[in-house]
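A short worksheet on the structure shown next.
Numbering (this note's numbering), first residue to last: 54 to 576.
Laid out in C-alpha cells, this is it:
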C-alpha cells in the first residue's frame, strides 16, 4: 500500500529566508499550527523529536532521522517500522520562483499500516496544508524567517525508535508507540515465564513503580491478560469492573483504569505473551485501533520467541554440562575399573616374577613374564580404545577427512553411509567439533532414523567447515522434538555450535527423511 501527499506554495522571500524559517525549530510554538515543537538539528543523521497536532486529532510524537539537509534547497527526513510494516518520508524542496521562492512538500507512506492509518494520514495532510500557509506568513514577515517544519510521519507516525535494538528495548519502545498512537495512559507487554504458564510484565509505560517483573497473570485467572492468553481474538472492554469475562478485583493489571484491550502475542498458534493498552477515560476503541495493536503484537512475536526459547536454551546448556560430566565419569570409571585394575594385577605379577628370580625358579619366572606381557598388551589395547573415543588418532594424524570416513564403521552403522569430505587441515578445535557434530548426527540416524542410506558431506567454504548429514529414514516433527525436554540432543548440539559462532539447521518431517546442516568457523 502506498500514499503520496503533495503541497505547493509560493512565498515572497528568498530560498535562504525560507530555509531559516523552516529550520529555526525553537520558534515553532509561536507560529506553526501543526508542528508544535521540534528538537534536534537540521543535519544529516540527526534524530528529531516532533510533536504534531493534527486537526481534529490527538497529538502525536514522532522521531524521524534527517536524510537530506541542503540549506536553501531541501530538507528531508525518514522513519520506518521493521518488516516493511510502515515507512514514511517527507521532503521540503525549495526553489527560486518568479516572485521569490517555491516550496513543494511531498510525503510518501508505504507499508501494511498505510490503509489502517488512512484517517490519520488525511488529518496529517490537512495539517501540512495549514502549516504551509503559516510558513508563508512567517517567512514573509521576517527577514531571516525563523522556523519551520519538519513534520511528517517520516516513516513512522508511530514515532518508533531503536526497533533494531534487542530485548527489553524493543518491548519498551513498542509500548511507547502504542501509548502515543492510541492516546492511552498505560501499555504493557507481558511474556511467558520459564514455567510456560505464568505471564510476567516485561516492559511498558504508565505502570506503578515496582511493577516490572512482578505483575503476573495466568490463563483463566480472570485478568485481561489471562483471558487473552487463552483466546486468539482480542479482548476489548469499556468497563473492566463490569465486564463478565473478567474478575479484576485487586488485579494490578487494571488498577486505576476504566477500559482498554488485551491482544495475544503468538508465533503461529503458540502463545508467547500479551500486549495490552489501558485508559483512565471512558472511550470506545475502533476496529482500526484494535488492528493496529494486533500488528504491533505481531512485530513483538520474534522478540518474545527469543525469550520463550531461553528456558530451552538453559536446558540445552544443562544437558551439555551433564553430558560433559557423564563423559568425565565414564572415562574415570573405565580408568579405575579397567586400566588401573589391569596395572594393579600387573604389579602383583611383577612382584611374583621378582620372587621367582630371587629363589631361582625359572619356570615360575617365565610364567610371570608371559602373564605380565599379556596384561600390558591388554592395557595398551584398552587405553588405545579409550583415547580413540576422546580424540580419534585418525583425526590428530590425518585430519577430519580420514576420521569421518572411518566413523561409520566405528559406530556400527547398519545403513549404507557415503562420506564425501573435502577439506584441508585446520585448528584441532574446529576439526574436533566437526567430528563430534557428525558423530552425534550419525548416532541419531543409527538409533532413530531407521534409514537405509545416509550421506555425509563436509566442505570448506568462506572460512567455515560446512557440512550436512542426510538420511532417507522416517523423519520427525522438528518443533515437537525441540520442544520435548526429554530430547535435548539436537538442542545441545546447536548450543555447542552457537558457542563458537557456528550454526545448525534442521530439516525434517515425518516420513520424509532428515537433513541437518552445520557451519563451524575456522578462521
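All C-beta atoms in this analysis are idealised placements derived from N, C-alpha and C, irrespective of residue type, glycine included.
I need the straight-line Cα distance from residue 116 to residue 233, nearest angstrom please.
Roughly 12 Å separates the two Cα atoms.
With DSSP run on the structure shown, which of helix, strand or coil describes residue 267?
Coil.
By a C-beta neighbour count over all protein chains shown, 10 Å radius and 16 as the cutoff for buried, is residue 283 buried or exposed?
That one is exposed.
In its own chain, which residues sit with a C-beta less than 7 Å from the C-beta of residue 178, not counting the 5 before and 5 after it?
Closer than 7 Å at the Cβ level, and outside the excluded window around residue 178, lie 58.
Suppose you measure from the CA of residue 411 to the CA of residue 492; what does that come to, to the nearest Å?
Each residue's alpha carbon lies about 53 Å from the other.
Within the region 512-555, note down every full beta strand (DSSP E) run reaching 3 residues or more, in order along the chain.
Listed in chain order, they are 517-524.
With a threshold of 7 Å on Cβ separation, who are the neighbours of residue 502 within its own chain once the five nearest residues in sequence on each side are excluded?
Once the five neighbours on either side are set aside, the close Cβ partners of residue 502 are 524, 526, 527, 567.
Along the chain, where does the alpha helix (DSSP H) containing residue 169 start, and where does it finish?
Taken as a continuous stretch (DSSP letters only), the alpha helix (DSSP H) holding residue 169 covers 166-169.
Which ranges would you report for the alpha helix (DSSP H) in the region 229-309 if only whole runs of at least 4 residues count?
Those alpha helix (DSSP H) runs which fall completely within the region 229-309 and span 4+ residues are 277-283.
What's the C-alpha gap between residue 239 and residue 346?
For residue 239 and residue 346, the distance between alpha carbons rounds to 13 Å.
Do you know whose CA, among 176, 474, 76, lies nearest residue 108's CA?
Closest by alpha carbon: 176.
Count Cβ pairs between the region 456-471 and the region 508-524 that sit closer than 8 Å; are there 3 or more?
These segments touch.
In terms of residues, what are the limits of the alpha helix (DSSP H) holding residue 70?
It spans 68-76 - the alpha helix (DSSP H) in which residue 70 sits, taken as one unbroken run.
Counting pairs of Cβ atoms below 8 Å between the region 162-170 and the region 88-102, do you hit three or more?
Not touching, per the Cβ criterion.
Give the range of the beta strand (DSSP E) segment to which residue 131 is assigned.
Unbroken beta strand (DSSP E) run through residue 131: 127-133.
Could you name the residues that DSSP lists as bridge partners for residue 105?
DSSP, once it has assigned bridges, lists 88, 113 as partnering residue 105.
Would you kindly work out how many angstroms separate the C-alpha atoms of residue 548 and residue 350, rounded to a whole number?
Taking the straight line from one Cα to the other gives about 28 Å.
Measuring straight from C-alpha to C-alpha, what distance separates residue 67 and residue 95?
Rounded to the nearest angstrom, the two C-alpha atoms are 19 Å apart.
Closest to residue 169 by C-alpha separation, out of 507, 146, 235, 227, would be which residue?
Nearest C-alpha to residue 169: 235.
Indicate the three-state DSSP secondary structure (helix, strand or coil) for residue 118 in the structure shown.
Three-state DSSP puts residue 118 in a strand.
In three-state terms, what does DSSP make of residue 503?
In this structure, residue 503 counts as coil in the three-state DSSP scheme.
Start and end of the alpha helix (DSSP H) containing residue 665?
Any property of residue 665 remains undetermined from this structure, which presents the chain solely from 54 to 576.
Mind checking residue 562: buried by the 16 CB within 10 Å criterion, or exposed?
Burial call: exposed.
Considering residue 458, what are the terminal residues of the beta strand (DSSP E) in which it resides?
Segment 453-464 is the alpha helix (DSSP H) holding residue 458; no beta strand (DSSP E) there.
Just grab the DSSP bridge partners of residue 471 for me.
Answer by DSSP bridge pairing, in chain order: 508.
So, is residue 545 buried or exposed, given that buried needs 16 or more other C-beta atoms within 10 angstroms?
Per the 10 Å Cβ criterion, buried.
Helix, strand or coil for residue 94 per DSSP?
Residue 94: coil per DSSP, three-state reduction.
Using alpha carbons as the reference points, say which of 507, 499, 484 lies closest to residue 469.
It is 507.
Taking its Cβ as the centre, do 16 or more other Cβ atoms sit within 10 Å of residue 70, making it buried, or is it exposed?
Buried, since its Cβ has 16 or more Cβ neighbours within 10 Å.
Can at least three beta-carbon pairs, one atom from the region 320-329 and one from the region 279-293, be found at a separation below 8 Å?
Result yes; three or more Cβ-Cβ pairs closer than 8 Å.
Can you check DSSP and say which residues form a bridge with residue 570?
Answer is 521, 558.
Name the two residues that bound the continuous beta strand (DSSP E) containing residue 318.
Element bounds for residue 318: 312-320.
Check the DSSP bridge columns for residue 147 and list the partner residues they point to.
Paired residues: 156.
Just verifying my parser: in three-state terms, what is the DSSP assignment at residue 62?
Strand.
State the CB to CB distance for the pair residue 461 and residue 406, rounded to an integer number of angstroms; the pair is presumed to be in contact (CB under 8 Å).
Incorrect: roughly 44 Å between the Cβ atoms, too far for contact.
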